[in-house]
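Following: one structure in structure tokens, then a few remarks.
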Amino acid sequence: MAEWQGRVYGIVPAAREQALVAAQNMVEPQSVRYQGTNPAQRLKVADIDLLVIGDSQPMNGPHAEKRVSASGRYVKLVLDEKRHLIGAIVLGYPELVDEVNQLFHERRVIPETFPPLL
61 MAEWQGRVYG IVPAAREQAL VAAQNMVEPQ SVRYQGTNPA QRLKVADIDL LVIGDSQPMN
121 GPHAEKRVSA SGRYVKLVLD EKRHLIGAIV LGYPELVDEV NQLFHERRVI PETFPPLL
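Counting with our numbering, you get residues 61 to 178 for the letters of the sequence shown.
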């Protein structure tokens, strides 16, 4: 996948969108600009519930991480300096997926108490 504005998405929808923009511009030069891809992926297979959203591998900045190996559950929240959620990995916590997704897209400040398991 191509880098865009210093970011490599590493997800199939971004590759597909980049390819469509490239193809359109080959047919009609300068007709379309790539605007980025919503970096959220949710996977539910065989009772495994996984959400990966935003920048889950920060170069710096605060993050909270919780691993529960016996149950195979995992949460990682990546925050910016103002406590906005900029990335997350949520595995095995379906009750958190909708709220994490909403917090990411609304760019709200993450409460100190969220999620209670961290």
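Built from N, CA and C at the ideal position, the CB exists for glycine as well.
From a predicted model like this one, the values you see are computed outputs, not experimental measurements.
Take the Cβ of residue i as the centre, count every other Cβ of all protein chains shown within 10 Å, and call the residue buried at 16 or more, exposed below.
i, result
"Gly147", "buried"
"Gly96", "exposed"
"Val150", "buried"
"Lys136", "buried"
Quick check: residue i and residue j, are their CB atoms within less than 7 Å of each other?
i, j, result
"Pro154", "Asp109", "yes"
"Val138", "Asp115", "yes"
Have a look at residue i and residue j and give me their C-alpha separation to the nearest angstrom.
i, j, result
"Asp140", "Gln90", "34 Å"
"Gly132", "Val92", "43 Å"
"Gln117", "Ala79", "24 Å"
"Ala83", "Glu77", "10 Å"
"Arg168", "Leu156", "16 Å"
"Glu172", "Ala75", "35 Å"
"Met86", "Tyr134", "43 Å"
"Val160", "Ile170", "10 Å"
Which one of the options has the shortest CA to CA distance from residue i?
i, options, result
"Leu46", "Arg133, Gly132, Gly152 and Ile113", "Because the chain here runs from 61 to 178, residue 46 falls outside it and cannot be looked at."
"Pro73", "Val87, Tyr94, Asn85 and Met86", "Tyr94"
"Gly152", "Asn85, Leu111, Val160 and Thr173", "Leu111"
Alpha helix (DSSP H) containing residue i: first to last residue?
i, result
"Val160", "Pro154 to Glu166"
Could you spell out where the beta strand (DSSP E) holding residue i opens and where it closes?
i, result
"Val135", "Arg133 to Leu139"
"Ile146", "Leu145 to Leu151"
"Val92", "Looking at the DSSP string, Val92 is not in any beta strand (DSSP E), and its letter there is neither H nor E."
"Ile113", "Ile108 to Gly114"
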